[in-house]
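*Asks:* Dropping the structure in here first, questions after.
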Amino acid sequence: MISPVLQSLAAYPFTRLNEAIAAAEARGIDVIDFGMGDPREPTPEFVRRALVESVPDRSGYPLAQGLPELREAIAAWAARRFGAELDPGREVIPTLGSKEAIYLLAQMVVSPERRSVVVPEPAYPVYERGALFAGAEVAIAPLREEDGFLPRLDAIPDDAAIVWVNYPNNPTGALAPLSFYEELAALARERGFVLASDEAYTELWFTEPPASALQLADRRNVIVFNTLSKRSSMTGYRSGFAAGDPELVSAMKAFRPTVGVAPQEFVQRAAIAAWNDEVHVEQTRERYRAKREILLDVFGRRGVRVVASDATMYLWIAVDEPSESFATRLLERGVAVAPGAYFGAAGEGYARLALVPTLDDCRRAAAILDEAL
Ligand SMILES: Cc1ncc(COP(=O)(O)O)c(C=O)c1O
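Written out as structure tokens, the structure is:
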């Protein structure tokens, strides 16, 4: 009765982590949770207000292409942030968060001639799951520390439909230079695959603002996904966008009404307020920076190697025992971290901490780590 693809998938790894945390709490352990990357920062007040003020008497079906005002706000943001000139009518489409759009891309481009989807590892699991449900062949591109966690471009199969990249990278926090996007986009045009760039974390950086595939002079075959979830602490609003090659954006406009994933218009209006403001983003970065410093400090003292971790809300640390046993050991002391193995076999040997607990809890966790490591 149930699809073999669904049956073959293991439980979403974080479901397992959350169960382990609940079990530890039931045993009386007070857990500080660095597991899932769901910001616990409040959504800025002006964004909440914009949402409330936009709820109309009657809310009809939203259109797949989204509100023109939101597309314009996104294009204006991309121009300010990346110097990218996007045509809001042809090159931008709002999405219901970015996860669904990431998941659905394979449905639109995989074909009998182009059956492979290249996904990085370790990685956010949705690229692979979207490929599997579209009946595609998954080709794993391992991200290795010695390569700066960039994939090797010589292993892309001839029948590749999509090559997924994600920088700033979850879980490693690694960055990609613009030259990487240039090289990969040239290859995409030459070989006819789609370069899909998931840029959910471009706004959470600590040294220099990360590059974007939107900065490419030639965006043919390129589609970029970004979101307000982390930038503006709006995971629950479900608000993101896709931008890039007009042919792909137009395919999304044709495909998405079938699925019913147009964002609610009152959410789109709140999104306009969020994209138009940078002050709250700078404050958000400051908060993550303060938490990051506390943990970098304790890891430095205890000789734990923090790897990459130049951006995103994550720290990626090297562990010298199986990552699940490391995570279990810390959970018993009251600190939950995600084992690297949760992000695929290439994540083994590492663990990820999402900087989501409060500053005070980060300080408490640092004191625990000081003893436990
Ligand atoms: C790498 C990456 N991409 C995309 C997303 C999706 O975020 P959203 O659907 O909230 O926009 C996440 C969420 O955690 C993520 O980590």
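Take 194 as the starting number for the sequence shown in my numbering and just add one per residue. Glycine is no exception: its CB is placed at the ideal position from the N, C-alpha and C atoms. None of these values were measured; they are calculated from a predicted model.
(1) Give me the Cβ distance between R274 and V549, rounded to the nearest whole Å; I'm assuming they're in contact under 8 Å.
(2) I'd like to confirm something about Y254: is its beta-carbon nearer than 8 Å to some heavy atom of ligand 1, or not?
(3) Round the Cβ separation of V319 and L325 to the nearest angstrom and send it over; I've been treating them as touching at under 8 Å.
(4) Do you know offhand how far Y543's Cα is from F342's?
(5) Examine chain B for any beta-carbon lying closer than 9 Å to the beta-carbon of G282, and answer yes or no.
(6) Would you check if the distance between the CB atom of A348 and the CB atom of Y374 is smaller than 9 Å?
(7) Under 8 Å: do the stretch 461 to 474 and the stretch 237 to 254 share three or more Cβ pairs, one atom per stretch?
(8) Check the DSSP bridge columns for T420 and list the partner residues they point to.
(9) Could you tell me the distance, in whole angstroms, from the CA atom of F227 to the CA atom of Y394?
(10) May I ask you to verify whether the stretch 425 to 443 touches the stretch 466 to 476, counting CB pairs closer than 8 Å and requiring at least 3?
(11) Would you tell me roughly how many angstroms separate the C-alpha atoms of I355 and L562, rounded to the nearest one?
(12) Only counting the same chain, and skipping five residues up and downstream in sequence, which positions put a Cβ closer than 7 Å to that of Q258?
(13) Between D223 and A547, is the Cβ-Cβ spacing less than 9 Å?
(14) Taking L371 as the reference, give the member of Q408, T400 and E401 with the closest Cα.
(15) Indicate, with yes or no, if ligand 2 has a heavy atom lying under 8 Å from the CB of K484.
(16) Using 8 Å as the Cβ pair cut-off and three pairs as the minimum, do the stretch 448 to 457 and the stretch 524 to 539 touch?
(17) Could you tell me which residues DSSP puts in a beta bridge with V312?
(18) Using the rule of at least 16 other Cβ atoms within 10 Å of the residue's Cβ for burial, across every protein chain shown, is A215 buried or exposed?
(19) Would you mind stating whether R308 and G328 have Cβ atoms separated by less than 9 Å?
(20) Taking the C-alpha atoms as reference points, what is the distance between V303 and D351?
(21) Quick check on I295: buried or exposed, where buried means 16 or more other Cβ atoms within 10 Å of its Cβ?
(22) Nearest to F448 by CA position, among V530, P206, L298 and N211, is which residue?
(23) Roughly how many whole angstroms lie between the Cα atoms of T551 and A529?
(24) Quick one: is the Cβ of G433 within less than 8 Å of any heavy atom of ligand 1?
(25) Where DSSP assigns a beta bridge to R522, which residues make up the other side?
(26) Does the separation of the CB atoms of A353 and P344 fall below 9 Å?
(27) In whole angstroms, what separates the C-alpha of P261 from that of N414?
(28) Nearest to F207 by CA position, among P532, A539 and A565, is which residue?
(29) Please state whether the Cβ-Cβ distance between S422 and G290 is less than 9 Å.
(30) Leaving out five residues on either side along the sequence, give the residues of the same chain with a beta carbon under 8 Å from the beta carbon of D553.
(31) Do you know how far the Cα of E321 is from the Cα of V512?
(32) Kindly indicate which residue of P402, L441, Y360 and L397 has the alpha-carbon position closest to the one of D391.
(33) With distance defined between alpha-carbon atoms, name the residue in V358, T400, A367 and A520 nearest to E376.
*Replies:* Let me spell this out:
(1) That belief does not hold up - the Cβ atoms of R274 and V549 are roughly 24 Å apart, past 8 Å.
(2) no
(3) Contact flag wrong, Cβ pair sits at about 11 Å.
(4) 13 Å
(5) Considering every chain present, this structure includes no chain B. It has just one protein chain.
(6) no
(7) yes
(8) G433
(9) 17 Å
(10) yes
(11) 41 Å
(12) I286 and K446
(13) no
(14) Q408
(15) Ligand 2 is not part of the structure shown, which contains ligand 1 as its ligands.
(16) no
(17) I333
(18) exposed
(19) yes
(20) 13 Å
(21) buried
(22) L298
(23) 14 Å
(24) yes
(25) Looking at the DSSP assignment, R522 forms no beta bridge with any residue, so it has no partner.
(26) no
(27) 24 Å
(28) P532
(29) yes
(30) none
(31) 26 Å
(32) Y360
(33) V358
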